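A short write-up of the structure that comes next.
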Amino acid sequence: SQQGEEDPQALSIQEGENATMNCSYKTSINNLQWYRQNSGRGLVHLILIRSNEREKHSGRLRVTLDTSKKSSSLLITASRAADTASYFCATDAASGSRLTFGEGTQLTVNP
Amino acid sequence: SAVISQKPSRDICQRGTSLTIQCQVDSQVTMMFWYRQQPGQSLTLIATANQGSEATYESGFVIDKFPISRPNLTFSTLTVSNMSPEDSSIYLCSVAILTDTQYFGPGTRLTVL
């Protein structure tokens, strides 16, 4: 069963705008990871944030984690048409263990 | 990081037949997993592929339907047996490496007619 919920389910923005996606989960976690999936292809790993971290950056990506609210957000700044994809959060309860995925957000960036 | 390949990348199969999907990793990894992604859905774990022993299946998935082999630390196979149209999905393998990051293969898109 999926423990994560993501909102919004779909997001449409203009190129250059920022995109924010949220993820909530139900049980204690060890890590939270964000992935991108283009058109039903394989998942591309974007960023991992550990349960003792609050914020992490990678290029145009910024991820926050609030373990008290059991939630995370992914911010993509200065979006590009190539960012159009589905974005998933996934949590694990221990190192190297199975991932539990959120429902995903479909992001469309219009040129 | 880990580089993962899957074969085949896609297939169209007839009802009642079986398909074996291969997953190859470029380095030895301890943990390998198989996921299913049904059309328009998120990913669901099928099983953990254990090297040298039987796979560990999630609720709702059974060995007779999804037999898994893991003969060594770089290779695994998933078979989808006695297929029906409901098995049409993307099947993905993933590996967990020492940094806790999990990497995914490119997926196998299966269509069952």
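Protein chains in written order, with the working numbering: chain A, 609 to 719; chain B, 2 to 114.
Even for Gly, the Cβ is constructed at its ideal location relative to N, Cα and C.
Fair warning: this is a prediction, and the values are worked out from it, not measured in the lab.
Taking 8 angstroms as the threshold, the shortest C-beta distance from M33/B to chain A does not fall below it. Take Q641/A, set aside five residues on each side of it, and the residues of its chain with a beta-carbon closer than 6 angstroms to its own are L656, A698, in chain order. Leaving aside the five residues that flank S679/A on each side, the residues in its chain whose CB is nearer than 7 angstroms to its CB run, in chain order, N630, C631, S632. Annotation for A698/A: the continuous beta strand (DSSP E) segment containing it runs 693 to 700. Following the DSSP letters along the chain, one finds N718/A inside the beta strand (DSSP E) bounded by residues 713 to 718.
By alpha-carbon distance to L44/B, the top candidate from G53/B, F34/B, N51/B is F34/B. When Cβ-Cβ separations below 8 angstroms define contact, Q641/A makes contact with chain B.
Only A97, D101, T102, Q103, Y104, F105, G106, P107, G108 from the stretch 94 to 108 of chain B bring a Cβ to less than 7 angstroms from some Cβ of chain A. Relative to the Cα of L654/A, the nearest Cα in the group S54/B, P72/B, Y104/B, G108/B belongs to Y104/B.
Of all residues in the stretch 639 to 671 of chain A, the ones placed with a Cβ closer than 9 angstroms to any Cβ belonging to chain B are N639, Q641, Y643, Q645, G648, R649, G650, L651, V652, H653, L656, R658, in chain order. Think of a sphere of 8 angstroms around the beta carbon of T49/B: the chain A residues whose beta carbon falls inside it are R706, in chain order. Distance from the Cα of S77/B is smallest, within the candidate group D12/B, S60/B, S19/B, S54/B, for S54/B.
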